[in-house]
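Residue numbering for the sequence shown follows the working numbering, starting at 2 and increasing by one per position. The beta-carbon is built from N, C-alpha and C at its ideal position, and this holds for glycine as well.
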Amino acid sequence: MAKIKITLEGYRCERCEHEWIPRTKEYPIICPKCKSPYWDKPKTDRSEAAKTKKPMGNKDLKYV
């Protein structure tokens, strides 16, 4: 019996790095391991977003 290489296409979760081969041809809704619906979107660095965020409200107001 001869050995051959078989190549299959699968998916990789951007959150938990889990790799899987789908059972159906439909695009996955969630990652089967971490259950994240954002499995196909890379994580964003929240610390950079917080630095650029403007403060809300007026701190000069005083309540009497």
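Of the candidates 5, 8 and 30, the residue whose Cα lies closest to the Cα of residue 14 is 30. Here residue 15 is not bridged, per DSSP, to any residue. A straight line joining the alpha-carbon of residue 23 with that of residue 34 spans about 13 angstroms. Its chain contains 15 as the residues whose beta carbon lies nearer than 8 angstroms to that of residue 43, once the 5 sequence neighbours on both sides are disregarded; these appear in chain order. Apart from the 5 residues on each side of it in sequence, residue 37 sits with its Cβ closer than 8 angstroms to the Cβ of 14, 16, 17 and 31 in its chain, given in chain order.
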